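Colleague: Provided herewith is a single structure, encoded as structure tokens, for subsequent inquiry.
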Amino acid sequence: MPRTHPKRFTRRFEAIEPPRNAEVVIGVVSVTVLVMALGALSGSPVWLLGLLVFLPGTASALCTVRQTKFVSAWTTLVVTVTALVSSDGRSWLNTILMVLLTLALGAASVYACHHRIHREHEMLRLRSTAAAMQRHILRPLPLLTDDVLVDGVYEPVQEDRLVGGDIYDVVVSPWGSRVLIGDVQGKGLPAVGAAFAVIGAFREAAHREPTLTALVDALDASVVRHNSYAAQTGDDERFVTALIVNVDAHDEVQVINCGHIPPQLLHDATVITPALDSGVPLGLAELTAEPATVDWFSFPPGATLLLTTDGLTETRAADGTFYPVTERLNERASLSPTELPRALYDDARAFAGEGGQHDDVAVLSVRRSPHR
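As structure tokens, this is what we get:
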């Protein structure tokens with residue numbers, strides 16, 4: 049099985065740290081002094097009601113329940129004392145209403161804080177569960193086998209979704225290390241379901257099938273089965289573009305391209321695009337009589353094979369200009385295989401900007417293991 053680095057992961061979810069108690073006390077006292085000064089200058093206690101009542105609401109959004117209770121109690125105490133001191137004996141009703149309103153706002157703030165923290169904990173629990181699922185479905189990079197070291201970047205376009213339509217995996221088989229990168233047509237949960245189907249089939253068939261053509265046939269069958277189940281529930285059928293690479297002890301690698309973006313070979317600071325036959329995507333094999341074709345090309349020691357999805361190649365700036373992958377790759381050909389994927393991803397994000405087009409992105413660098 050491929051070995052992974054346990055500390056590197058694409059997403060980390062942590063609870064937001066509340067302010068320290070000392071910070072809360074200092075902040076509340078500072079605001080109170082400021083408000084009292086303004087009230088003295090204006091000669092009206094209305095400043096207290098107009099400004100101090102915002103303190104509990106602010107605390108409910110940033111602080112713990114205990115800290116919010118303290119802020120609410122402090123606000124009520126200050127408003128009550130000041131209202132009593134400022135009362136001329138003829139406005140008791142106004143004073144009572146002011147105190148009751150402050151109490152009501154404080155109680156509402158404490159409730160809102162409790163609800164917020166409960167929801168944050170629930171979301172953290174769900175995201176932690178999803179993160180654990182991702183580690184089993186899409187293994188954290190880098191992945192190391194006896195044949196290859198695979199590193200890279202995997203970023204779903206939606207920040208709250210840990211797994212998108214782009215997929216990758218590495219499986220150690222009796223015939224070498226087999227690397228998969230793919231892109232499911234469409235978006236949303238149905239696309240994720242098709243992605244899971246392909247990954248599961250790849251992990252099972254890569255150990256069983258001695259040839260890449262038989263492996264591709266198994267992957268195609270998995271997509272067809274998934275589509276049949278999807279049709280029963282009213283979901284759209286999907287196809288999956290994929291690139292399957294087999295690396296062993298020989299200097300050449302075997303590749304089958306199922307409608308995917310061709311790989312780029314970097315060696316001695318030069319970039320080469322191997323000439324590959326492009327077959328149909330997975331799930332569409334029955335539409336053609338041509339069988340999947342295995343291509344061979346040289347993959348010498350020290351070379352890097354770059355595999356990407358169209359989330360990189362089809363990144364567009366706000367004016368519709370496509371990201372110039374080949375040009376930017378040539379500029380960064382001297383980077384290490386570990387640095388290259390992240391450098392390309394960051395550059396593409398900067399190129400697209402806020403108004404550009406973004407998609408799920410997977411960028412992998414494949415290099416022969418150091419001891420080979």
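In the numbering used here, the protein residues as written are 49 to 420. Idealized CB from N, CA, C, for every residue including glycine. Since we're looking at a predicted model, the values are computed, not measured.
1) Would the beta-carbon of R286 fall within 7 Å of that of G230?
2) To the nearest angstrom, how far is the alpha carbon of E207 from that of L141?
3) By DSSP, does V338 sit in helix, in strand, or in coil?
4) So G75 and S157 are in contact, right, with Cβ under 8 Å, and what is the actual spacing, rounded?
5) Quick check on DSSP: helix, strand or coil for S78?
6) Scan the region 338 to 394 and note each continuous alpha helix (DSSP H) run of 4 residues or more that stays entirely inside, going in chain order.
7) Roughly how many angstroms lie between the CA atoms of V301 and S108, to the nearest whole one?
8) Starting from the C-beta of F347, find all residues in its chain whose C-beta is less than 8 Å away, skip the five residues before and the five after it, and write them out in chain order.
9) Could you check how far apart the C-beta atoms of S407 and E362 are, in whole angstroms? I think they sit under 8 Å.
10) What is the residue span of the alpha helix (DSSP H) that A317 lies within?
11) In chain order, what residues of the same chain have a beta carbon less than 6 Å from the beta carbon of V319, not counting five sequence neighbours either side?
12) At the level of alpha carbons, what is the spacing between L355 and E338?
13) In terms of residue numbering, what span does the alpha helix (DSSP H) encompassing V264 cover?
14) One question on the structure: do A278 and A266 come within less than 7 Å of each other, judged by their Cβ atoms?
15) Which of the three DSSP states is assigned to I229 in this structure?
16) Please classify R68: does DSSP put it in a helix, a strand, or coil?
17) Which residue comes first and which comes last in the beta strand (DSSP E) that contains A109?
Modeller: On the basis of the data shown:
1) The count along the sequence shown starts at 1 and reaches residue 286 at position 238. The count along the sequence shown starts at 1 and reaches residue 230 at position 182. Contact: no.
2) Along the sequence shown, read from residue 1 onward, the residue named residue 207 stands at position 159. Along the sequence shown, read from residue 1 onward, the residue named residue 141 stands at position 93. Any reading at E207 needs caution, since the residue's pLDDT is 49, under 50, leaving its predicted position unreliable; the model's value is listed next. Approximately 52 Å between the Cα atoms of the pair.
3) Counting from 1 along the sequence shown, the entry for residue 338 is found at position 290. Residue identity differs from the one stated: residue 338 is Glu in this sequence, not Val. E338: coil per DSSP, three-state reduction.
4) Within the sequence shown, the letter at position 27 stands for residue 75. Within the sequence shown, the letter at position 109 stands for residue 157. Going by Cβ atoms, the distance from G75 to S157 rounds to 15 Å, so no, they are not a contact pair.
5) Mapped onto the sequence shown, residue 78 falls at position 30. Helix, per DSSP.
6) 358 to 361 and 373 to 379
7) The residue you call residue 301 lines up with position 253 of the sequence shown. The residue you call residue 108 lines up with position 60 of the sequence shown. In a straight line, the C-alpha of V301 is about 59 Å away from that of S108.
8) Counting from 1 along the sequence shown, the entry for residue 347 is found at position 299. The residues are V295, D299, E300, V301, L313, L353 and R416.
9) To locate residue 407, count along the sequence shown from 1; it is residue 359. To locate residue 362, count along the sequence shown from 1; it is residue 314. A quick correction: the sequence has Asp, not Ser, at residue 407. Rounded, the Cβ-Cβ distance is 7 Å, consistent with contact.
10) Along the sequence shown, read from residue 1 onward, the residue named residue 317 stands at position 269. That residue, A317, is in no alpha helix (DSSP H); it is neither H nor E in DSSP.
11) The sequence position of residue 319 within the sequence shown is 271, counting from 1. Q312, L377, N378 and A381, listed in sequence order.
12) As a position in the sequence shown, residue 355 is number 307, starting the count at 1. As a position in the sequence shown, residue 338 is number 290, starting the count at 1. When rounded, the distance between both Cα atoms is 25 Å.
13) Within the sequence shown, the letter at position 216 stands for residue 264. Residues L260 to Q280.
14) To locate residue 278, count along the sequence shown from 1; it is residue 230. To locate residue 266, count along the sequence shown from 1; it is residue 218. Contact: no.
15) Reading the sequence shown from its first residue, position 181 is the one you call residue 229. Three-state DSSP puts I229 in a strand.
16) Within the sequence shown, numbered from 1, the residue matching residue 68 stands at position 20. In this structure, R68 counts as coil in the three-state DSSP scheme.
17) What you label residue 109 is simply residue 61 of the sequence shown in a count that begins at 1. That residue, A109, is in no beta strand (DSSP E); its alpha helix (DSSP H) goes F102 to L110.
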